[in-house]
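Residue numbers (our numbering): 305 to 645.
Spelled out as structure tokens, the structure:
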């Protein structure tokens with residue numbers, strides 16, 4: 305197979321304090337397979353980052369076979385829009401990788417702009433069955449399902465014989481991910497289990513961390529704020545926790561939930577966006593309605609009180625996680641990138 309040259313467009317900002325995103329994980333794995341991968345961009349300022357992305361398309365236009373574009377649904381959509389239209393002008397094949405949980409709203413509200421981006425793509429890659437289904441519904445036939453990837457060797461599976469109310473929350477502190485709900489869930493669980501704890505791992509994006517800290521003080525909860533951690537560091541914390549909670553208002557296929565499933569942490573999550581497509585309720589995790597603190601606390605207590613439920617869930621979740629291993633997913637990427645075009 306003749307390996308291609310790729311330009312990967314995305315937010316490569318882990319060196320600037322942000323969480324690692326797909327450009328760094330998938331890009332590195334593709335490079336490890338022998339693909340030549342150029343990247344844009346590491347610029348923290350959004351305007352400079354956009355300029356760097358556009359400049360990189362111009363710079364590498366004669367060297368690359370495909371441009372991969374991490375595509376989000378809110379402000380990040382405009383980055384993908386501008387880059388994709390430049391690729392069209394330069395006759396470069398581009399592949400949007402669909403991340404935004406709100407992309408179906410974009411398809412509905414901006415059909416012409418969406419058609420310009422997605423209708424003219426070589427392929428659109430959906431890392432969730434949720435977005436795959438939505439794009440099919442809107443008539444896009446150039447859509448492929450390729451799941452987000454995990455290197456399972458980095459996620460040691462731990463099956464817990466009994467569970468304690470030791471909770472883990474992993475995300476950027478942003479109102480869209482509703483971190484305050486995690487503290488509220490702990491406060492509710494604490495009424496039954498005074499020893500309950502919560503580790504909250506992630507950087508502060510919009511001031512939500514300070515709101516959470518104030519709420520912790522009001523409710524006298526045992527919460528540990530770690531800030532952003534390297535993968536090895538937060539996995540060590542995960543090993544000390546027993547239940548993973550995900551409180552987001554909106555999402556597609558959160559890698560943090562996938563990672564929890566791989567590690568053997570039972571997941572209790574809001575049932576928003578693509579999450580019901582990611583894990584089956586009562587089989588691979590528990591789902592509750594958006595913002596329903598009481599229901600999430602009840603599911604946490606159920607896991608603590610019923611080890612058989614927990615074991616059933618984590619075994620099914622781990623089995624699904626094995627389908628996301630790079631040794632499986634890379635075959636799908638190789639098939640796509642080796643197509644004759």
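All residues carry an ideal CB built from backbone N, CA and C; glycine is no exception.
I want to check one thing, is the minimum distance from the CB of residue 475 to the heavy atoms of the ligand PLP below 6 Å? Absent from the structure shown: the ligand PLP. Ligands present: none.
Between the region 624 to 641 and the region 506 to 526, can you find at least three pairs of beta-carbon atoms closer than 8 Å? no
Measure from the alpha carbon of residue 342 to the alpha carbon of each residue in 348, 352 and 331, then state which is nearest. 331
Could you say which of 547, 624, 457 and 339 lies nearest to residue 309 if we only look at CA atoms? 339
Does the distance from the CB of residue 486 to the CB of residue 549 come in under 7 Å? yes
Give the C-beta separation of residue 621 and residue 595 to the nearest angstrom, bearing in mind that I take them to be a contact with Cβ-Cβ under 8 Å. Incorrect: roughly 24 Å between the Cβ atoms, too far for contact.
Note down, one range per segment and in chain order, each beta strand (DSSP E) of at least 3 residues found wholly within the region 352 to 431. 370 to 375, 397 to 402 and 428 to 430
Where does residue 312 sit, in a helix, a strand or coil, going by DSSP? strand
Once you ignore the five residues that flank residue 626 on each side, which residues in its own chain have a CB closer than 7 Å to its CB? 456
Just to confirm, is the Cβ distance from residue 388 to residue 398 under 7 Å? yes
Tell whether a beta-carbon distance below 7 Å holds between residue 604 and residue 493. yes
Would you mind reading off the limits of the beta strand (DSSP E) that contains residue 473? 470 to 474
Over the uninterrupted alpha helix (DSSP H) stretch that includes residue 616, give me the two end residues. 611 to 625
Going by C-alpha distance, which of 314, 577, 519 and 542 is nearest residue 469? 542
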